[in-house]
Amino acid sequence: MFVLMTNENLNGKSCDPNRWNGQAGRALGTKEDTRVLNAYLDQLQSKAQELHQVITIANETVTAETVKNRFIGKAFQSRTIVAIFEDHNAKMKRLIGKEFEKSTLQRYETCLMHVKDFMQLTYNCNDIPVIKITFAFLVDFEYYLRSVRNCGNNSAIKYIKNLGKIVRICLGNGWLAVDPYLNYKPKQNTVNREVLTKEELNRIKEKQFSMERGSVSCI
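Residue numbering for the sequence shown follows my numbering, starting at 1109 and increasing by one per position.
As structure tokens, then:
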């Protein structure tokens, strides 16, 4: 319910506290100035409800702040996936050799490249708001990695996990209200690596080569 704060001026309009119905959110009386004020409040309430619907349809988080910003015409700066991902990678780059290896940064840069290509193919755009990262987004991105990029299971899951760090940043900052990974449970396949036996290692150690190592040339 829209409530006008008494004793305060709203766009040149005010109301005596003794003539204000707090429950109804309207001024009391039948005088012309009261009717004008209530009509103005009706228009404000109608606009607020309309903006609430617009924000809901746009799948944006509805808060008093978002409605207020829309109401006063303040531009809504939506957090986007690529912008946050690039900021993460830039910070990681400055910590190479201190907290991260160069190979780790390369994985995140490759993941960002895949995310960009996926969005271009799926949404025909270069970037989208982080609120669009949903369970369906993850499922479609995984399918893209497997089908278009021909990634194996474990490689695809690693990229999904890299994206997961960006999602956790968004959740921690309140830019994303629902964790899309909540019901998304990808599984990596166990890789069975062949291990040489002691006898095989000894045969390699005792192997006699007909060519001296120093005589081999590289072209």
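Where a beta carbon is used, it is the ideal one built from N, C-alpha and C, also for glycine.
Tell me which same chain residues have a C-beta within less than 8 Å of the C-beta of residue i, skipping the five on either side of it?
| i | result |
| --- | --- |
| cysteine 1259 | Leu1253, Tyr1267 |
| leucine 1213 | Asn1197, Met1200, Lys1201, Ile1204 |
| alanine 1191 | Asp1235 |
| asparagine 1129 | Ala1135, Leu1136 |
| serine 1263 | Leu1253 |
| arginine 1127 | Ala1135, Leu1136, Gly1137, Thr1142 |
| threonine 1230 | Asp1248, Tyr1252 |
| glutamate 1314 | none |
Using a Cβ-Cβ cutoff of less than 6 Å, which residues in the same chain neighbour residue i once the five nearest sequence positions on both sides are dropped?
| i | result |
| --- | --- |
| valine 1238 | Arg1187, Ile1189, Cys1278, Trp1283, Leu1284 |
| threonine 1142 | Ala1135 |
Are residue i and residue j close, meaning C-beta to C-beta below 8 Å?
| i | j | result |
| --- | --- | --- |
| cysteine 1123 | leucine 1152 | no |
| phenylalanine 1249 | phenylalanine 1226 | yes |
| glycine 1272 | tyrosine 1289 | yes |
| arginine 1276 | histidine 1222 | no |
On a CA-only basis, which of the options is nearest residue i? Give me that one, please.
| i | options | result |
| --- | --- | --- |
| aspartate 1287 | Tyr1251, Tyr1148, Glu1307, Ala1244 | Ala1244 |
| alanine 1132 | Cys1219, Lys1273, Gln1157, Leu1149 | Leu1149 |
| isoleucine 1265 | Glu1314, Tyr1231, Arg1215, Lys1210 | Arg1215 |
| glutamate 1217 | Glu1194, Thr1230, Cys1233 | Glu1194 |
| lysine 1269 | Gly1280, Leu1220, Lys1240 | Leu1220 |
In whole angstroms, what is the alpha-carbon distance linking residue i and residue j?
| i | j | result |
| --- | --- | --- |
| proline 1125 | isoleucine 1236 | 47 Å |
| alanine 1183 | leucine 1159 | In this predicted model, alanine 1183 has a pLDDT of only 49, less than 50, meaning its place in the structure is not dependable; the value taken from the coordinates is given anyway. Taking the straight line from one Cα to the other gives about 14 Å. |
| lysine 1295 | serine 1255 | 17 Å |
| lysine 1139 | lysine 1121 | 15 Å |
| asparagine 1108 | isoleucine 1241 | For residue 1108 there is no data in the structure shown, the boundaries of the chain being 1109 and 1327. |
| glutamine 1228 | isoleucine 1274 | 19 Å |
| lysine 1210 | glycine 1280 | 25 Å |
| alanine 1172 | lysine 1206 | 42 Å |
| alanine 1147 | glutamine 1161 | 21 Å |
Could you name the residues of the same chain whose beta carbon sits closer than 7 Å to that of residue i, not counting the 5 residues immediately before and after it, in chain order?
| i | result |
| --- | --- |
| glutamate 1307 | none |
| tyrosine 1292 | Phe1243, Leu1246 |
| lysine 1224 | Val1190, Asn1234 |
So, is the C-beta of residue i closer than 8 Å to a C-beta in chain D?
| i | result |
| --- | --- |
| alanine 1135 | Here chain D cannot be found, since the structure has a single protein chain. |
Inset, instruction - Please specify which runs of the alpha helix (DSSP H), each continuous and at least 4 residues long, are wholly inside the stretch 1256 to 1287, giving them in chain order. - result: 1261 to 1281
Inset, instruction - Kindly provide the ranges of any alpha helix (DSSP H) runs that are 4 or more residues long and lie completely inside the stretch 1198 to 1263, ordered along the chain. - result: 1210 to 1231, 1243 to 1255
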